[in-house]
Each structure stands twice: as C-alpha cells, then as structure tokens.
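S.K.:
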Amino acid sequence: MSKRGLITAKDRDRLLANALAGERDHYPICKLFGPDSRATWLISEMDPDDPDRLFGLCDLGLGCPELGYVSLAELTALRGRLGLPVERDRHFIASKPMSAYADEARIKGRIIP
Numbered sequence: 003m004s005k006r007g008l009i010t011a012k013d014r015d016r017l018l019a020n021a022l023a024g025e026r027d028h029y030p031i032c033k034l035f036g037p038d039s040r041a042t043w044l045i046s047e048m049d050p051d052d053p054d055r056l057f058g059l060c061d062l063g064l065g066c067p068e069l070g071y072v073s074l075a076e077l078t079a080l081r082g083r084l085g086l087p088v089e090r091d092r093h094f095i096a097s098k099p100m101s102a103y104a105d106e107a108r109i110k111g112r113i114i115p
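Residue 53 in the numbering used here sits at position 51 of the sequence shown; the count goes up by one each step and never skips.
#1: Along the beta strand (DSSP E) that carries residue 74, what are the first and last residues, could you check?
#2: Between the beta-carbon of residue 43 and the beta-carbon of residue 66, is there less than 7 Å?
#3: Can you list, in chain order, the residues of its chain with a C-beta nearer than 7 Å to that of residue 75? Leave out the 5 residues immediately preceding and following it.
#4: Please report the residue range of the beta strand (DSSP E) in which residue 84 lies.
#5: Measuring alpha carbon to alpha carbon, tell me which residue in 39, 11, 109, 10 is nearest residue 84.
#6: With DSSP collapsed to three states, give me the class of residue 116.
#7: Using CA coordinates, which residue listed in 58, 10, 18 is at the minimum distance from residue 51?
#8: Alpha helix (DSSP H) containing residue 16: first to last residue?
#9: Going along the chain, which residues of its own chain have a beta-carbon closer than 8 Å to the beta-carbon of residue 69, five neighbours each way excluded?
#10: Once the 5 residues before and after residue 112 are set aside, which same chain residues still bring their CB inside 8 Å of it?
#11: So which of 110, 107, 77 has the shortest CA-CA distance to residue 37?
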C-alpha cells in the first residue's frame, strides 16, 4: 500500500485502468473518510501522468458534494477536529456507477455509500 494505506497496489492498478478506459462512468474503487469529520470521498480514477491526482465524488460534509479532483498527498496530510487522519473504508464495495452516487448525493446533500 502507498500513502499510509489509503490506496492499495491493487486499487492503484484499477484506478489507473479506469483513467485510461474510454468510458467515463466507472464504479468507485475506494471510499475514504475522515473518522472525526463528515468528509467522505469515493474515488474512481488516478491520473496516469500524476498519480497524486485522484478523481471522484468529494463530500467535505458541507451539504454540497461534487465530482472533482483531489490530491492524495493532501488527503494523507489532512486531519480532522480531533487530529485523526483520513482512513480507507476497507469494507466498502461499490454497488453502482459514480453518476448514481453523485445524483443521490446531490439530492441528499451528502454521500450515501
């Protein structure tokens, strides 16, 4: 695993494969979250030219989740209110494509995994 275990080697391979694939509505590969915050990220791609740049559904817990890019280094350095680092949800299994998660998150104001 790299970056303190947020992204496994297997996940990295799948994230890169998604980025290189022609289709754009991938299933998320991993879920990251702040254990002492309301922040959640569903990640579906990793930029092949810049492995620090991830794409996914980002929810900072402010009621307006959005699709976009996030830095793996910034996620690794991020700490919540109690000083806890971002963690990887080791039990997350995507059940739908990213567009379905994004549509539901816009309606609910947060990511519903």
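Beta carbons are placed, not taken as given, at the ideal position from N, Cα and C, and that holds for glycine.
Just so it is clear, the structure is predicted and the values come from calculations on it, not from any experiment.
M.R.: Result, derived from the coordinates:
#1: Where residue 74 is concerned, there is no enclosing beta strand (DSSP E), although the alpha helix (DSSP H) it sits in stretches over 74 to 79.
#2: no
#3: 54
#4: That residue, residue 84, is in no beta strand (DSSP E); it is neither H nor E in DSSP.
#5: 39
#6: In the structure displayed, the chain extends from 3 to 115; residue 116 sits before or after that span and is not available.
#7: 18
#8: 11 to 22
#9: 57, 58, 59, 60, 100, 104
#10: 40, 42, 61, 63, 65, 67
#11: 77
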